[in-house]
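What follows is a single structure, written as structure tokens, with notes after it.
Structure (structure tokens):
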């Protein structure tokens with residue numbers, strides 16, 4: 139049985155509410171769903187136990203935090219056993235790298251980087267290029283973020 143078979147429409151409504159505002163109270167959710175507060179609490183605990191809810195986070199303004207430069211970096215790595223895990227974890231550990239995706243095709247990884255300016259992007263890029271596992275990179279500077287939403291469509 140898959141995890142999605144273990145959740146019902148009420149669980150999905152709870153997930154939607156938490157994604158929209160993780161500060162919503164149990165009382166507010168219970169009132170909207172017309173169920174008891176304790177039922178909401180136990181359902182949230184079940185969703186955490188199942189690994190569906192991984193945590194709750196504040197959404198920060200990149201601009202106000204001085205991280206309004208975005209780059210997408212394509213990385214070609216040296217092939218070897220387990221290289222995607224090893225190199226992927228090394229790339230993920232670089233400060234400023236906000237996403238690492240292992241991909242199929244000409245490139246091996248796509249990275250998203252958030253930085254305070256071109257000098258910081260260059261510092262991050264140099265760290266990547268200096269890794270012995272990296273053959274080459276290609277960097278795209280984002281002119282404008284149109285959409286960036288960490289919520290899952292459910």
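In my numbering, the protein residues as written are 139 to 292. For glycine and all other residues, C-beta sits at the position ideal for the given N, C-alpha and C. Bear in mind that the values here come from a model prediction, so they are computed numbers and not experimental data.
Taking 8 Å as the upper bound for CB-CB distance, residue 289 and residue 157 are in contact here, some 4 Å apart.
253 is the residue among 253, 284, 263 whose C-alpha sits nearest the C-alpha of residue 204.
For residue 207, the closest C-alpha among the options 251, 224, 228 is that of 251.
Among the bridge pairs identified by DSSP, residue 240 is matched with 247.
If you look at residue 177, you'll find it in the alpha helix (DSSP H) that goes 175-187. Per the coordinates, the alpha-carbon of residue 162 lies some 12 Å from the alpha-carbon of residue 179. Listed in chain order, the non-local C-beta contacts of residue 258 below 8 Å within the same chain comprise 207, 234, local neighbours out to five positions each way being set aside.
C-alpha of residue 245 to C-alpha of residue 279: approximately 17 Å in a straight line. Pairing residue 274 with residue 214 gives a Cβ-Cβ distance under 7 Å. In the structure shown, residue 163 falls within a coil segment according to DSSP collapsed to helix, strand and coil.
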